[in-house]
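**Q** Those sequence lines, one after another, are chains C and D. For the first sequence, position 107 matches number 108 in my numbering, and the numbering has no gaps at all. For the second sequence, position 100 matches number 93 in my numbering, and the numbering has no gaps at all. The C-beta atom is built at its ideal place from N, Cα and C for all residues, glycine as well. Below are the structure tokens for one structure; questions will follow.
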Amino acid sequence: MLRAIYDWVDERLDITPIWRDVADHEVPEHVNPAHHFSAFIYCFGGLTFFVVVIQILSGMFLALYYVPDIVNAHASVNYLQNELAMGAIVRGMHHWGASVAIVMLFLHTLRVFFTGSYKHPREFNWVIGILIFAVMVGLGFTGYLLPWDNKAYFATKVGVEIAAAVPWIGPYIAAFLQGGDIVGAVTLERFFALHVFFLPALLFILLAVHFILIRRQGISGPL
Amino acid sequence: MSKKVSRRKFLTYMLGGTAGFLGAGLLFPMVRFAVDPVLKKGGKVEFVDVNLPVSEITETPRAVEFKIFRKDGWYQSEDGETMTAWVMKDPRQELGIVAFSPICKHLGCTVDWESNPQFKNEFFCPCHFGRYTKDGINVPGTPPTAPLDKYELQVKDGRLLIGPIAQA
């Protein structure tokens, strides 16, 4: 049945080459944990992507109920966590996943560093990776404010003050982040916009480039 | 007996099954979370004293405003929501009184009594020109397909109490 549907579509649209191109690629022996168990360190990049997918999905679902407004933000988070079925689980996925994503990303970076995979000809992908790291930290920073509780508020105050310590342009960065003179109504709204629109869009572009470059250049050789 | 399952088929099924199990485990909480409002039961509606002595109710429909208090997600208005009922005498009813909901049965706009000078002695909905007679019966040939809803009523100490919409 499924086979027949697939064949019907494939006959018309020739979809096989599309997924073949994504799915069929060489996995060298030195990155296959079935051959050398220590090769599990090559899984961290994929795991980071897996956690990012969880973050995107759980974030989309949280946005069904969350309100980025200083009066309602905390009340809406309290409602979605405590009064809706599975609310604590979905918010928990996003909350813990955020930390796990950063940890996986860091382990992936360490693997790339210690296997020397950043060297010629893969310098571009190292730089893209560092940009992804910056975007992920930005997602963490902006997402932290959204529950609008005491921890969120003071973490953001501290973060903004750190940014304000940058020589020359610090005060401008702080004013841009806050959207005004204080961490307040405008800050919450723009952190929300950054968290769900700007940074994810940037992340998708960078991830696409990251993956295309891997396919172009192949996995780096063994040590 | 059954056909032989090749090694490749078996591994494909195992891989698909594992991926499906992981995917379902991920998606189930999120989907359940999203559909929770569909599965939740609505709150109970209390009877509200609308500050109207029954003796003041006449044959002419009269818009009676009253407040109900209900939680909308995380939000609850301190002042409550203002509801309207069109109250009049009706000897056919148990209490001799009828209270119509002003919500048009076409697509939910608000009807008003004699608000269109063309249609005297009728409830009129401005959105799509829905009309109802004084009995709340929809005028044939106008958009509504059912009569106006009636509120459940009680009378206590000569005063009118309005409750939920009566189920037909």
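#1: Taking the alpha-carbon positions, what's the residue 102 of chain D to residue 20 of chain D distance?
#2: What is the DSSP secondary structure of residue 77 of chain D, counted as helix, strand or coil?
#3: Would you kindly check if the distance between the Cβ of residue 46 of chain D and the Cβ of residue 152 of chain D is under 9 Å?
#4: With 7 Å as the limit, tell me which residues of the stretch 18 to 51 of chain C have their beta carbon closer than that to any beta carbon of chain D; keep them in chain order.
#5: Drop a sphere of 10 angstroms on the beta-carbon of residue 7 of chain D, count the other beta-carbons inside from all chains shown, and report buried for 16 or more, exposed for fewer.
#6: Exposed or buried, which one is residue 2 of chain C when buried takes at least 16 other CB atoms within 10 Å?
#7: Does any residue of chain D have a CB that is nearer than 9 Å to the CB of residue 76 of chain C?
#8: If we count Cβ pairs, one from each stretch, closer than 8 Å, do we get three or more for the stretch 57 to 64 of chain D versus the stretch 100 to 109 of chain C?
#9: Alpha carbon to alpha carbon, what distance is there between residue 189 of chain C and residue 149 of chain C?
#10: Just list the residues that DSSP pairs residue 147 of chain D with in beta bridges.
#11: What are the partner residues of residue 61 of chain D, as DSSP defines its beta bridges?
#12: In whole angstroms, what is the alpha-carbon distance linking residue 106 of chain C and residue 158 of chain D?
#13: In three-state terms, what does DSSP make of residue 45 of chain D?
#14: Can you pull the chain D residues whose beta carbon is under 9 Å from the beta carbon of residue 139 of chain C, in chain order?
#15: At least one CB of chain C closer than 9 Å to the CB of residue 21 of chain D: is that the case?
#16: Based on the DSSP secondary-structure assignment, which residues constitute the bridge partners of residue 123 of chain D?
#17: Residue 145 of chain C: which of C:120, C:191, C:109 sits nearest, CA to CA?
#18: Per DSSP, which one or two residues make a beta bridge with residue 33 of chain D?
#19: Restricting to Cα atoms, I'd like to know which of D:154, D:147, D:97 is closest to residue 131 of chain D.
#20: Any Cβ of chain C within less than 9 Å of the Cβ of residue 26 of chain D?
#21: Which residues of chain D have a Cβ atom closer than 8 Å to the Cβ of residue 16 of chain C, listed in chain order?
#22: Would residue 78 of chain D be called buried (16 or more neighbouring beta carbons within 10 Å of its own) or exposed?
#23: Assuming residue 181 of chain C and residue 71 of chain C are in contact, meaning their beta carbons sit under 8 Å apart, how far apart are those beta carbons, in whole angstroms?
#24: Going by DSSP, which residues form a beta bridge with residue 109 of chain D?
#25: To the nearest angstrom, how far is the alpha carbon of residue 12 of chain D from that of residue 94 of chain D?
#26: What I want to know is whether the C-beta of residue 169 of chain C ends up closer than 8 Å to one or more non-hydrogen atoms of the ligand MG.
#27: Taking CB distances under 9 Å as the criterion, tell me whether residue 2 of chain C reaches chain D.
#28: Just to make sure I have the definition right: I need the residues of chain C whose C-beta is within less than 8 Å of the C-beta of residue 66 of chain D. Which are they?
#29: Roughly how many angstroms separate the alpha carbons of residue 5 of chain C and residue 25 of chain C, rounded to a whole number?
#30: Considering only the alpha carbon of each residue, which of C:75, C:12, C:129 lies closest to residue 209 of chain C?
**A** On the basis of the coordinates in this document:
#1: Taking the CA atoms as reference points, residue 102 of chain D sits about 38 Å from residue 20 of chain D.
#2: strand
#3: yes
#4: none
#5: exposed
#6: With fewer than 16 other Cβ atoms inside 10 Å of its own Cβ, residue 2 of chain C counts as exposed.
#7: yes
#8: no
#9: 8 Å
#10: D:154
#11: D:74
#12: 56 Å
#13: strand
#14: By Cβ distance, chain D contributes nothing, its closest Cβ being about 24 Å from residue 139 of chain C, past 9 Å.
#15: yes
#16: D:118
#17: For residue 145 of chain C, the nearest C-alpha among the options comes from C:191.
#18: Answer is none; residue 33 of chain D lacks a bridge partner.
#19: Ranking D:154, D:147, D:97 by Cα distance to residue 131 of chain D puts D:97 first.
#20: yes
#21: The contacting residues do not exist; residue 16 of chain C stays about 18 Å from chain D at best.
#22: buried
#23: That pair is no contact at about 12 Å.
#24: BP columns for residue 109 of chain D are empty, so no partner.
#25: 52 Å
#26: The ligand MG is absent from the structure shown, which contains no ligand whatsoever.
#27: It does not; no Cβ of chain D falls within 9 Å.
#28: 66, 77, 80
#29: Rounded to whole angstroms, residue 5 of chain C to residue 25 of chain C spans 23 Å at the Cα level.
#30: C:129
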